[in-house]
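Working notes, structure below.
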Amino acid sequence: MKNRRMFFFIVLVGCAKLVNTSCPSTCSCSYTTYGYHVNCDYKNLGGIPVLPNDTYSLTSQTRNDTIVTTPGQKVHQKCRRDYINANSIKKDMRDKDVSITEPTRDLRSYYSSTPDFEFQKNCLFCGCFAKFSESKRGIDVFPVRTTDFSNTLRNICKERNDEWSEIVLRRLNIAPSDLHAADAIYHQTCSVNFRTGKQIPVSKQANKEVKRTTPGRPKEDSSEKAFLQIVRQLEETQDELASVSDLVQAMEDICGDKAYSVVHMKKRLQTYFGSDIIITEVNGKPNIVTFRRTASSILNEFYRRPSSKSPEEEKLSMIETAAKLIKADIMSLKDSKAVYPSSVDINSEQNITFVPDSLQTLLRALFSQNDSSVKVASVGQAIIQASRPRTLIAPLQIALSVQMHHHFGSRFLLDTLNTLGFASSYTEVQRFELNAAAAAHDRTNTQFGNGTFVQYIADNVDHNLRTLDGHGTFHGMGMIAAVTPGFRLDKAVPRLSPTLKEVSDLAKINIEYYKMQSKQSLQAEFATMNYEPNMIDTTWKLDLLSKVCWPLTCNRPSWSAIMHKVMDGDYPGRSSVVFLPMIDMNPSDLTCINSTLNFIGKHAKAQHCVPILTFDQPLYWKAMNIIKDEPLNSPLKSVILRLGGFHLEMSFVGGIGHLMEGSGITELLETVYAPNAVTHMTSGKAIARAVRAHFLIDTALTSIILSHIYGIPLPDEIENETGTNDINPANYINTDSTDINADDLSDELHEADAMLDELLKGDISVEKACDDVLIDQIKSRIDNFRESHKSYRTSQLWFQYMDMIDILRRFIKAERTGNWELHLQTVKDMLPYLAASGHNLYVKSSRVYLQQMENLKTTHPEVLAFLQSGHHVIRRSDKFWAGLSSDLVIEQVLMRSLKTTGGMTRGRGMSEGQRAQWILSMPDCAEMNNALQEFTGVNYGTSDQHKEGGESRRSRDCQDLKTFLSFLISRSPFVEETSLRNIETGVSADKFVNVDNSKELGIKILKSMDGKKIDEFSFKRKEQATILSAKSAIKVDDDVIIVDSQLLFQRFLAASNGIYEDQSEIFTYELCSHPSSMFDPNGLMRTAQKSSLADAIWGKGDCCAFEMSENDETQYVIDGGSLLHRIHTGKADFLSVKFVKGTLTA
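Positions -21 to -1, 1 to 1125 (mature numbering (1 follows the signal peptide of the UniProt record, and there is no 0)) are the ones given, in order, by the sequence shown.
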């Protein structure tokens, strides 16, 4: 059907001879002035009907003849073709010497630019031949794709109302109703010109006469001049990217419609420049013009230069030629801006190979260092970036910008470095972060490899934004994923143009509203547990060794530094931390926690791993209730909850501070630490200071015990000028009055000290040191000493304190080494002291946590295998003694990154889009930062040496330990006294104080929990330990307030100073919480009875004013009532009243 339609169309267009219907059959046609048929037998000669608005009438006007056609007449095809032929018109008009009234090219283009017009082959607008190909890019021919195309063109024809529009309109009239079905095609340039009111492009005019080329340079017309101007501009800006289309557009701005087409411009450029240019695709853009200058052409140009007049000019000419050679190599570099450099490109030798050999040779000749590879790469890439600013991105340029922005977040810094040519711009870094955020979301399903262990950690993120109205502060749930072993992001980030909104949409989390399903949550029971000590720590001898050696060598590294140096073993390796999106809701809200659980479950499912989520205690308890409330087929049932070890450690340290309150430990800590700091240390908030202080005090107490056992002197508090420890005879602690010389020191301690030296030097292994019986002998002597002081309550309290510090030390060891069994055992060992100190929430949560971890043997044996192999901790450095609790990692990584320089709270903002960009781009930015640090060798972090192993830290620890020791020597807790007392004030405890028996009390509480419903069990305050300071507590509005007796004593002395000659007199009065003269028994202020004071005064007689002597005893009455108004006195007059002391009150 399509072929028939096109044939009919061709016949209509091809018919050219008018034929009268009454033409005789013998074809005796009538002739016009020019001898053409007007009437003939159209049947025999192939006539066709005349259409409305046919070109025959217009041609008749051009020929200036009298032939007039009307619709319905018939025309011979051959006659019509000859009649409207342009050459025939010229010939006939030349014979008659008649001027043509209209250009011939317009007559030809009026209907068709080709003798045989076909919609499938010719442009609908210009009539020229056109070929469409779907496989070729950049072609100027397009097919008609819409059915409304014809109607649109008809409207444009009416608006133009010119000759070209009439031609197009006639083609539309004879065309099928559906141009799309007819496969009509057109030139894009013709379409643009037609729709914008321009004329047919010169290159598309069918009747344009082809001029024969003649020898010599052609005469410059406007197009040629415009082309040459474009060429000059292109030569001046060789460093800039320019496409052929851009050059055509620039030419159109100069000469308008006479500009070249893309194809012709490409040919002219190749003809003009020859092999000096390359036209290819760059960064996804086609037809990019790039100059290519060879070394031979540059050298030929140098040798053909005119001879210089002076050596200086010759030198400059050589330098300029060398610069051209180097720049030619730079311009020949093949690189793309479609992707950013990856971390592999930055931390490897590719940074050197990125620089051309010619530029490397120049820079190595300029730099004086033998190994200047880093500087050659850096300066070389800066030169390359400056030479080609728009065509490539140098790896070190973008890496330095990302690193500076990652650490400092300063636009000023980046703009300064970019202006100096050392780094990429701030805008480019922002674009990198947006692309990295988008790429991170795409890599989520593939970045965690098989065989990895993934832990999820969530914690509350709080930031008080400084808004104008105080509203808009951020309180949300932050989440991270720790992957062990870690991975590296070696994939390049694509350089696209994502928007902040698109990135924000990628970081959105579905909010799962929580509604309690039932009231049967946590109906499980507490399982029975064994609270007997179980020594599974095989390296406990190293702990004791680090303490017993201190009296002999004070300037020793601390316990942490020693363990960091000597401990070694198998471990999973360094972990990688991935930031996850935040939830902008109150973290304590059950809906927020439920949304977190659902998000973690879906994320873990995408990673093909078991969801293991760590919370601190409040969130852990709520999350556990939510999971217990879910039906059995809920996906949340697969979530394994872990209790944060770091927050458990803080709670345990707070319990130690509570149990030791009133024992004198506060005064002991204040000898080194500030009083305000001590308050936070005893509560467990200042955990780092508290751990250090407790370890130093434990070492000091051990030294005192060793002095009792071995009769050794203790180091003096102040070192002498030589830096050695003086032995003060006053510091001898023994029961024997015999003088002890240095030569009489125990051989056991000397051997232990030598063993520690060998261990630190690596001469003996940890296993050999732990198998030595020497430490067993020393421990046995210490145990005997403790047994001999078992009946002394003060000693027993401080022995108990040392036991709690040992538990704390073992817990830290379990976390640092990744010892899962030791971790569970130390948590169990903490429970009695947590229960005795009243930390009930952690007691409940810890017991449930231990039960759930025990159940992993049956529920998730594969997870238990990972935990037992050391995967329960996260290592941020590739060292054995580097394990961290999972909830500590989120504090160190996410929270600290948020609130330090370069974080979101330092000027970035906390909007949804900014949070998404910062969080999702953090892995790539951190990887880029690490790669640059590896390449430069400059690390923004700690050294391999433990921070407590440095000389300054050892010296400070020794000094503080001596301060503690000096305090304890004069107030030794290991005295033979049966009473329990404060070692600082000497105040003895009442008989109901039982804090020295805290472990037994805690075990009793824990046993009472066995078999009870978890949700129904409640603690009783009376079962907790009664501390030393409890006897000074008062109750105000049901709140128990601890009264500091020492502070109260100081206030009494200060208040009575100058009033009583014998200050002890004030202690003869009974103390009360409310002065009875001012308050009634209900605690309300008494109503003032001023009339009684006035009656007492009037009862003394008449009042008079007189001058007082200095020796007269004076009592002052302050009253703002009518008393002073009724007695008129002068400025220097006094009112004298004789009264009995104590009867007047104000």
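Glycine included, C-beta positions come from ideal geometry on N, C-alpha and C.
Residues that residue i bridges to, as DSSP identifies them
| i | result |
| --- | --- |
| Gln831 | None, per the DSSP bridge assignment. |
| Tyr165 | Phe121 |
| Ser321 | Partner(s): none; Ser321 has no beta bridge. |
| Arg621 | Thr593 |
| Val171 | DSSP lists no partner for Val171. |
| Glu504 | Lys992 |
| Arg854 | Gly862 |
| Ile258 | Val268 |
Sequence-distant residues of its chain with Cβ nearer than 6 Å to residue i (five each side left out)
| i | result |
| --- | --- |
| Arg139 | none |
| Asn655 | none |
| Asp394 | Tyr405 |
| Ala378 | Ile325, Met907 and Leu911 |
| Phe631 | Met809 |
| Ser539 | Glu927 |
| residue 1135 | This structure cannot settle anything about residue 1135, because the visible part of the chain is limited to -21 through 1125. |
| His925 | Ala540 and His543 |
Cut-off 7 Å between Cβ atoms - residues of its own chain near residue i, not counting five sequence neighbours on either side
| i | result |
| --- | --- |
| Ser351 | Arg343 |
| Lys616 | Ile606 and Glu609 |
| Ile1045 | Phe1031, Ser1035 and Tyr1039 |
| Leu648 | Val657, Met660 and Ala672 |
Candidates the options: closest to residue i by CA position
| i | options | result |
| --- | --- | --- |
| Asp903 | Asn612, His851, Ala419 and Glu794 | Ala419 |
| Pro811 | Val745, Asn565 and Lys983 | Lys983 |
| Val618 | Ser315, Trp777 and Met832 | Met832 |
| Ser848 | Val670, Asp549 and Leu693 | Asp549 |
| Leu776 | Met561, Gly643 and Leu392 | Gly643 |
| Ala417 | Leu475, Lys823 and Asp975 | Leu475 |
| Val334 | Lys313, Asn349 and Lys970 | Lys313 |
| Met936 | Thr805, Met244, Ser537 and Lys986 | Checking the sequence, you will find Asp at residue 936 rather than Met. Here the closest residue by C-alpha is Ser537. |
| Leu132 | Cys169, Lys470 and Glu97 | Cys169 |
| Val242 | Phe252, Pro473, Ser182 and Gly741 | Ser182 |
| Cys571 | Val556, Ile488 and Val557 | Ile488 |
| Ser824 | Ser201, Ala506, Thr216 and Phe96 | Ala506 |
| Trp860 | Met542, Ala361, Arg124 and Tyr780 | Met542 |
| Glu746 | Lys520, Asn172 and Met988 | Lys520 |
| Leu877 | Ile459, Thr463, Cys136 and Leu1026 | Ile459 |
| Leu479 | Asp141, Pro952, Val323 and Glu891 | Glu891 |
| Leu940 | His582, Thr259, Leu248 and Ile683 | Ile683 |
Cutoff 9 Å: residue i Cβ touching any chain C Cβ
| i | result |
| --- | --- |
| Gln502 | You won't find chain C in this structure, because it holds only one protein chain. |
Beta-carbon proximity list for residue i, same chain, < 8 Å, skipping 5 on both sides
| i | result |
| --- | --- |
| residue 1127 | There is no way to answer for residue 1127, as the model of the chain reaches only from -21 to 1125. |
| Leu820 | Gln596, Pro597 and Trp600 |
| Ala205 | Met230, Ile233, Cys234, Lys237 and Ala238 |
Residue i, DSSP secondary structure in three states
| i | result |
| --- | --- |
| Phe558 | strand |
| Arg211 | helix |
| Gly388 | coil |
| Gly862 | strand |
| Asn266 | strand |
| Lys494 | coil |
| Gly603 | Looking at the sequence itself, residue 603 is Met, so the reference to Gly does not match. Met603: helix per DSSP, three-state reduction. |
| Arg1030 | helix |
| Met1064 | strand |
| residue 1169 | Lying outside -21 to 1125, the shown extent of the chain, residue 1169 is not represented and no answer is given. |
| Arg467 | coil |
| Ala221 | strand |
| Arg950 | coil |
| Arg960 | strand |
| Asn973 | coil |
Let me know the beta strand (DSSP E) ranges lying completely inside the segment 401 to 464, each 3 residues or longer, listed in chain order. 432 to 442 and 453 to 463
Any chance you could list the alpha helix (DSSP H) runs of at least 4 consecutive residues sitting entirely within the segment 338 to 387, in chain order? 352 to 366 and 374 to 387
Which ranges would you report for the beta strand (DSSP E) in the segment 503 to 586 if only whole runs of at least 3 residues count? 555 to 562
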